[in-house]
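Chemist:
2 protein chains.
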Amino acid sequence: MENSWFSLMKEWYVSLGAGEWATFALSITVAAVAFAAAALLYSWVKKQPLENKKIEEICGYIAKGSSVFLNREYGVLAKFAGVAALIIALFLPAPIWTQGRGFWLENIVMALAYLCGTAFSAFAGKIGIAVATKANGRTAAAAQKGIGPAFLCGFRGGAVMGMAVVGASLLGVALVFWLTGDASALLGFSFGASSLALFAKAGGGIFTKTADVAADLTGKVELGIPEDDPRNPAVIADNVGDNVGDVAGMGADLFDSNVASMAAALVMGSLLGGKNVVTVFVYAALGLLASIIGVATARMGKRSNPTSALNYSTYVTTALFAALTAGANLLFGFSWRIWGASTVGLLVGTVIGIASDYFTDDRRMPVRKTAEASETGPAFTILSGVSYAFLSTLPSLVGIGVSALASYYICAPMGEGYPLFGIAMSAVGMLSIVGMIISNDAYGPIVDNAHGLAEMGGLGEDTLEITDSLDSAGNTVKAVTKGFAIGAAGLTVIALLGAFLAEVNEKAAAMGLGIHIDGFDVMNPNVFFGMLVGAAVPAVFSAMLMLGVNRNAMRMVDEIRRQFKEIIGLREGAAQPEYDKCIDIATSGAIRELIPAGLMTIVVTVLVGVIGGVESIGGFLTGNIVSGLLLALFMSNAGGLWDNSKKYVEAGHNGGKGSPAHKAAVIGDTVGDPFKDTAGPALNTQITVVSLVSSLLSGLFLTLSIFS
Amino acid sequence: MENSWFSLMKEWYVSLGAGEWATFALSITVAAVAFAAAALLYSWVKKQPLENKKIEEICGYIAKGSSVFLNREYGVLAKFAGVAALIIALFLPAPIWTQGRGFWLENIVMALAYLCGTAFSAFAGKIGIAVATKANGRTAAAAQKGIGPAFLCGFRGGAVMGMAVVGASLLGVALVFWLTGDASALLGFSFGASSLALFAKAGGGIFTKTADVAADLTGKVELGIPEDDPRNPAVIADNVGDNVGDVAGMGADLFDSNVASMAAALVMGSLLGGKNVVTVFVYAALGLLASIIGVATARMGKRSNPTSALNYSTYVTTALFAALTAGANLLFGFSWRIWGASTVGLLVGTVIGIASDYFTDDRRMPVRKTAEASETGPAFTILSGVSYAFLSTLPSLVGIGVSALASYYICAPMGEGYPLFGIAMSAVGMLSIVGMIISNDAYGPIVDNAHGLAEMGGLGEDTLEITDSLDSAGNTVKAVTKGFAIGAAGLTVIALLGAFLAEVNEKAAAMGLGIHIDGFDVMNPNVFFGMLVGAAVPAVFSAMLMLGVNRNAMRMVDEIRRQFKEIIGLREGAAQPEYDKCIDIATSGAIRELIPAGLMTIVVTVLVGVIGGVESIGGFLTGNIVSGLLLALFMSNAGGLWDNSKKYVEAGHNGGKGSPAHKAAVIGDTVGDPFKDTAGPALNTQITVVSLVSSLLSGLFLTLSIFS
């Protein structure tokens, strides 16, 4: 047989140039190293001692609750993904009946790539949750020995998630790209990642705030019991929420951004030819390598504090990435302009992080002024927070704009197509250290949980003080990583806008429509119409999620009241609450509230495309990016600012705990919770989903539209 | 002498065609009719009896306080306008030393047009305040006779402002346009109107909320005295605030939008030639005529209520305008397509008004759900209000988008240049009934003041009930007119974007730069950069105004506390507070806080233009429009919603007055006050100012920019 599988594989291998083959091998190898690092860290965390029976028991509840939610969520997602894959197989990249013999395979490949995107992200989320729900109790136990060991346990637990996410995204992109040889199949993979991120981030966000709000409203307010009291039926759901929202959700979000930025760069890079595709993979692999080294060297010195330790390892990673890519440039002769664009992205990412930090750090003016305003009453807490959060949007938006402008002009002399490729590489650069970012971010909920567990397990004041300082560091770093995630999403979607344009023109040429679209002119009313509608979508999406949290929290409040009424001895601590009922309400509510919001974004995209064609979609994406970034920055920073203002007052300022200022600050914090943990961060994903849906459906909008 | 003044005038007259001359005469005549109507109504209001000495005295304080503020504000504005006029005379439309002999007159004309813009608007504002501070007491007195006479007095007082504003805008535009024969001089006039609106709207907004917040914080909260108690030193400032914020501010805002929409239409119409210029003037004159008739026929039937009476006269005006313009079309053979575009604008304006009403009316779900959420605590009042206000942006943004899209395509078959002219005519159509809108709007603060005066004058329960029901109607109608104002500003700035493009190309041709810009492509990084910065500006502007209100209110609170401490017998009502000290603080604080915000918008515009040239400015304006509309709708509707939720609870629902829900609703209302009365409505003006600055400086940006 001439065409045996073996001979075909040989043919594929021979078709790759030596450099391409080496790149493929490098990507797979670095991904494998990341998985190995994740496995090593995982087994290290598992080996840490956990002797306290009470903590072990509660950890078991949290782990079980988290996996119940993940399984339910993935179950719903599987149905959604099945339907989406079927639609993709039938219609994309072109209706299957119009594809010639053999070419319908393209549709099948796209559908498979989509399913892989969801599966890879889900896998990374599973691993992250598994380790986080082990690391939390062990961090609490380690805190009895001192802050150094506790920090290491929390950080390494987070790093497992970081390594798994970035390893999976590099592996997935490399496999899809090199096996199919088709960059647009990557859009399918990326859309899969986005679908999962939408469920994980928005669903997890609704879950976590439902539990948090309900636990606070009944526990602190109605019953007067402390925050993490095990008598409260919602307390386990609250801890589960931290994991599913912040570990699995944030991981899926950054997996999505990372894949989307690589997909956009590869779609454009493969059209340009040359060393561009190789550059994308080498940079991504080196970023992952730098993150692994950064994670491995992270440690807390004797005189150091956890915040500096986290920041130090981030700086190590950043410097390493710049140095490694410069070395690769010297070695392989990549373009220095591309290096410049990616370095600009990295620098701007850092600036955005610093700006977010300024507006949410309790050593700075905004948090302190808001705490001061709280003395006058809650309305002034809100007004002051809203005002500073509005101000906080400026540096980040200017940063993203400058980064796009600079990377465009740096790469412009390289010829047509390069300027947009430069923007995509700027996004790749910003996301290069994403392994480190996720590690820092997943550290947050682990030490937050550890603090709660130390309280529930009665580990004593000294231990609580240590877990509290670990938790504070987690809050500060979280604001920075959120700013970073939003900035990266911003640049990525600009690159995706370029990818959308490229897709449109490719399809128009393939269909023989004789259309060539150069860009999206705001003076074109189709573009303008799309832009206004696109600007409203993030506001509507946020509103739907927040109203969902409200509705869901009310359901859980009813359940908690019922348990306190019906379970005899619960109030006295003699009987155990039914934790799983609350987890169940949070789970089913989150899924029920999430679906209309997700569908709304997709339906509106399709409507706009059908009304105004690809030009309206171009405007729609632009309006969506502009308003999405604005609102995401506003809500994330407002939430962080209120949270830290409350902490600042609780630390004894402006009247301290129990003062009127404290009551006002708590109200600010309650408003900020769904801002920063539900709506704000879910907007990243909403923007990416809409961009990818548009790219995938561009063929439809080219042929079927009313005004164009 | 061959060239005597007389012979030159004759030449000017002969140069106008008969149709043009008739149009000029029509505009002047209708404007004169409007002034006559205003004068008649004014003398009617003045003739109404006011016998209560106490009320007369307080009215005197309010009138004096208002005119102190206006004079101080106009004084500062005069300096600002002087400097601006000098800059205009030196640099615009082109640096004066580059203008040939005689042509430097163009610069002088531009500067004079600018000064006229400020003066006309200031004049209308003066008249409005003069009548409002007479009508308030007389409405209170009339309420003793019944709701019918009281309604008429309040409404006619407001109508004086409506007639004066629209008369002045039509007169000003006609004079500038026909005497200079140059449409771009209108941009100078329009910029003058915008400068004044910025001062009046933002300054008045800071003033009114400073007084309101300070009066509430000390009076209701600290001292436990009722809202309009004359012992409170801030009570007169609070009443003054209603007049300077809502009468003078809103009037200047709509004067500005009205002038800007006509200017944009005339800039494009005069380039197109034909009957277009005549059409603009005839439509504007007929709109004013329809408003005059609507005002004249407004009356409250025996079985009617004030809300229906206000809405009824609005519908009469709308229908009359459509009918009158259709008649003019038949008579003069104007294009039916242009008529279609302007009617679309009128219809969409109504739809936007209805949508705003839905989200702020206490018979609808959003207000009721927010009142219900208040039972759970203030955080939920805020979250629920924010969510519904986010949702409320969708219908208005879609409406503006549809209106732009429809009017573009309706006029597209008429040839090049017409589609954008169609959008401008759609804005003219939306603003055609602006006389009626301002009348309704100025009615609000008059009856609000009347209610306060009835309370202070002790006119008894029956009278208070009547003034309260007049006030409620004012609140409902205010939400509608605010939505309308924002929608009109949105369409106007789209038209101004077109005017900017036309200016740029005209200048580029005149300078022989060999540049022709077709539009603003969002894929161009200069455009994108500008867009992101432009999107941040409304957020930063709002934040600066709101922080200004906070700072200023704190100053006034200190003053009130001082008076209660130092003035012996004040608490017991034996001594009189020093009202003027509070008015003084509000006045100087408003001006001090306003200037940085105003300068910021202009400086950022210049910076963006110098960095990225006209393309960045195109993007900047686009981002500014999109985010400005989004935030303006969000803040205005949130504020209206919270205000009415509070009123709904006070009417006895969800626990009624004094309940926890009421306390929460009051907090929502306090947050909403600067949203809806300071930041939200000032954004209209901010957008227009930036658009006009850009058009005026387009020559600078063409020659002096770094990245283009």
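Heads up: the protein sequence lines correspond to chains W and F, in order. If you're matching positions, the first sequence starts at 1 in the working numbering and goes up one per residue. If you're matching positions, the second sequence starts at 709 in the working numbering and goes up one per residue. Heads up, the beta-carbon is just placed ideally off N, CA and C, and yes, glycines get one too.
Quick one, are the C-beta atoms of ALA872(F) and ILE837(F) less than 7 Å apart?
Modeler: Contact: no.
Chemist: Using the DSSP secondary-structure output, state which residues sit across from VAL521(W) in a beta bridge.
Modeler: The question names Val, but residue 521(W) in the sequence shown is Asp. Looking at the DSSP assignment, ASP521(W) forms a beta bridge with ASP1229(F).
Chemist: Pull out every residue of the segment 203-220 of chain W whose Cβ sits closer than 9 Å to any Cβ of chain F, in chain order.
Modeler: VAL213 and LEU217
Chemist: Taking the C-alpha atoms as reference points, what is the distance between PHE732(F) and ALA882(F)?
Modeler: 7 Å
Chemist: Compute the Euclidean distance between the alpha carbons of MET436(W) and SER1335(F), then round it to the nearest angstrom.
Modeler: Rounded to the nearest whole angstrom, the CA to CA distance from MET436(W) to SER1335(F) is 33 Å.
Chemist: Excluding the 5 residues preceding and the 5 following TRP886(F) in the sequence, name in chain order all residues of the same chain whose CB lies nearer than 7 Å to its CB.
Modeler: PHE732
Chemist: From the DSSP output, in three-state form, read off LEU697(W) for me.
Modeler: In the structure shown, LEU697(W) sits in coil (DSSP, three-state: anything other than H, G, I, E or B).
Chemist: If the cut-off is 7 Å on Cβ atoms, which residues from the segment 531-564 of chain W count as contacting chain F, listed in chain order?
Modeler: Under the 7 Å Cβ criterion, the segment 531-564 of chain W contributes MET531, LEU532, VAL533, ALA535, ALA536, ALA539, VAL540, SER542, ALA543, MET546, LEU547 and ASN550.
Chemist: Quick one: using the 10 Å Cβ neighbour count with 16 as the cut-off for buried, is GLN1284(F) buried or exposed?
Modeler: exposed
Chemist: Of the residues GLY1166(F), SER712(F), SER999(F) and THR1025(F), which one's Cα is nearest the Cα of ALA849(F)?
Modeler: GLY1166(F)
Chemist: Does the beta carbon of ALA832(F) come closer than 7 Å to any beta carbon on chain W?
Modeler: no
Chemist: Using DSSP with H/G/I as helix, E/B as strand and the rest coil, what is ASN644(W)?
Modeler: helix
Chemist: Where do the ends of the alpha helix (DSSP H) carrying LYS201(W) lie?
Modeler: Run containing LYS201(W): none; DSSP gives neither H nor E here.
Chemist: Using a Cβ cut-off of 7 Å, pull out every chain W residue sitting near ASN699(F), in sequence order please.
Modeler: Residue 699(F) lies beyond the range of chain F shown here (709 to 1416); nothing can be said about it.
Chemist: Can you look up HIS1361(F) in the DSSP assignment and give me helix, strand or coil?
Modeler: In the three-state reduction of the DSSP assignment, HIS1361(F) falls in the coil class, being assigned neither a helical nor a strand state.
Chemist: Going along chain F, which residues have a C-beta under 7 Å from VAL671(W)?
Modeler: ALA1087, ILE1090 and LEU1091
Chemist: Show which residues of chain W have a CB atom less than 7 Å away from the CB atom of LEU1099(F).
Modeler: VAL540 and ALA543
Chemist: List, in chain order, every chain F residue whose beta-carbon is nearer than 8 Å to that of VAL402(W).
Modeler: Within chain F, the residues near VAL402(W) are PHE1237.
Chemist: Around the C-beta of TYR1023(F), are 16 or more other C-beta atoms found within 10 angstroms, so that it is buried, or is it exposed?
Modeler: exposed
Chemist: Would a check of beta-carbon distances place LEU272(W) closer than 7 Å to chain F?
Modeler: no
Chemist: Rounded to the nearest angstrom, how far is the Cβ of PHE189(W) from that of ALA113(W), given a contact under 8 Å?
Modeler: 4 Å
Chemist: What would DSSP say about GLU728(F), mapped onto helix, strand or coil?
Modeler: helix
Chemist: What separation, rounded to the nearest whole angstrom, lies between the Cα atoms of ILE1310(F) and ILE293(W)?
Modeler: 48 Å
Chemist: I believe ALA992(F) touches MET976(F) by the beta-carbon criterion, under 8 Å. Please report the beta-carbon distance rounded to the nearest angstrom.
Modeler: Between MET976(F) and ALA992(F) the Cβ distance is about 15 Å, and since that is not below 8 Å, they are no contact.
Chemist: Would you give the residue range spanned by the alpha helix (DSSP H) that PRO803(F) belongs to?
Modeler: Careful: PRO803(F) lies outside any alpha helix (DSSP H) and carries neither H nor E.
Chemist: Measuring alpha carbon to alpha carbon, tell me which residue in ALA586(W), GLY699(W), ASN654(W) and MET546(W) is nearest ASP677(W).
Modeler: MET546(W)
Chemist: Relative to the alpha-carbon of ALA1097(F), which residue among PRO1074(F), PRO857(F) and ASP1292(F) has its alpha-carbon at the smallest distance?
Modeler: Nearest of PRO1074(F), PRO857(F) and ASP1292(F) to ALA1097(F), Cα basis: PRO1074(F).
Chemist: Would GLU461(W) be called buried (16 or more neighbouring beta carbons within 10 Å of its own) or exposed?
Modeler: exposed
Chemist: Could you check the C-alpha separation between PHE80(W) and SER1399(F) for me, to the nearest Å?
Modeler: 46 Å
Chemist: For ALA827(F) versus VAL955(F), is the C-beta distance shorter than 7 Å?
Modeler: no
Chemist: Considering only their Cβ atoms, is the gap separating VAL1241(F) from VAL1314(F) smaller than 7 Å?
Modeler: no
Chemist: Between the alpha carbons of SER432(W) and PHE321(W), how many angstroms are there, rounded?
Modeler: 8 Å
Chemist: Mind listing the chain W neighbours of VAL1334(F)? Cutoff is C-beta to C-beta under 8 Å, in chain order.
Modeler: The answer, in chain order, is MET531, LEU532, ALA535, GLY623, VAL626 and SER627.
Chemist: Exposed or buried, ASN1350(F), counting other C-beta atoms within 10 Å across all chains shown (16 or more means buried)?
Modeler: Note that residue 1350(F) corresponds to Trp in the displayed sequence, not to Asn. Buried, by the Cβ-count rule.
Chemist: Closer than 8 Å by beta-carbon distance: list the chain W residues that pair up with THR1022(F), in chain order.
Modeler: Per Cβ cutoff of 8 Å: no residues; THR1022(F) is ~25 Å from chain W at best.
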